[in-house]
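Inspection log for the structure reproduced underneath, given as structure tokens.
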Amino acid sequence: MILALEIILVIAAILMSVFVLLHKGKGGGLSSLFGGGVQSNLSGSTVVEKNLDRYTVVMVVIWLACIVALNLLQAFSG
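Encoded structure:
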């Protein structure tokens with residue numbers, strides 16, 4: 019169980035780092051290479067950027083859940 023959580027934690031951390039780096043900064047970013055330059059008429063941000071925000075939040079939640087679960091397992095295993 020602990021090994022599985024550690025593996026998920028590492029994968030989530032790597033994916034979270036990649037998703038954060040793909041976000042568009044002030045002058046554009048890597049997300050513009052993947053269609054992020056197309057603007058939506060109804061809102062200020064693009065569909066790609068909104069999806070990237072969602073994926074980043076999901077990775078953060080998974081990462082935090084793994085940290086909490088690992089700490090609880092460590093506290094109550096001894």
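For the sequence shown, position 50 matches number 68 in the working numbering, and the numbering has no gaps at all.
Glycine included, each C-beta is placed from N, C-alpha and C at the ideal position.
Being a predicted model, the structure only gives us computed values, none of them experimental.
In or out: residue i buried (at least 16 other Cβ within 10 Å) or exposed?
i	result
LEU82	exposed
LEU90	exposed
VAL38	exposed
ALA22	exposed
MET77	buried
In chain order, what residues of the same chain lie with their CB nearer than 7 Å to the CB of residue i, ignoring the 5 residues before and after it?
i	result
VAL86	none
CYS84	LEU23, ILE26, LEU27, ALA30
Identify, in the order they occur along the chain, each residue of the same chain with its Cβ nearer than 8 Å to the Cβ of residue i, setting aside the five sequence neighbours on each side.
i	result
ILE80	ILE26, ALA30
For residue i, collect the residues of the same chain with a Cβ closer than 6 Å to its Cβ; drop the 5 residues on either side in sequence, then sort them by chain order.
i	result
ASN69	none
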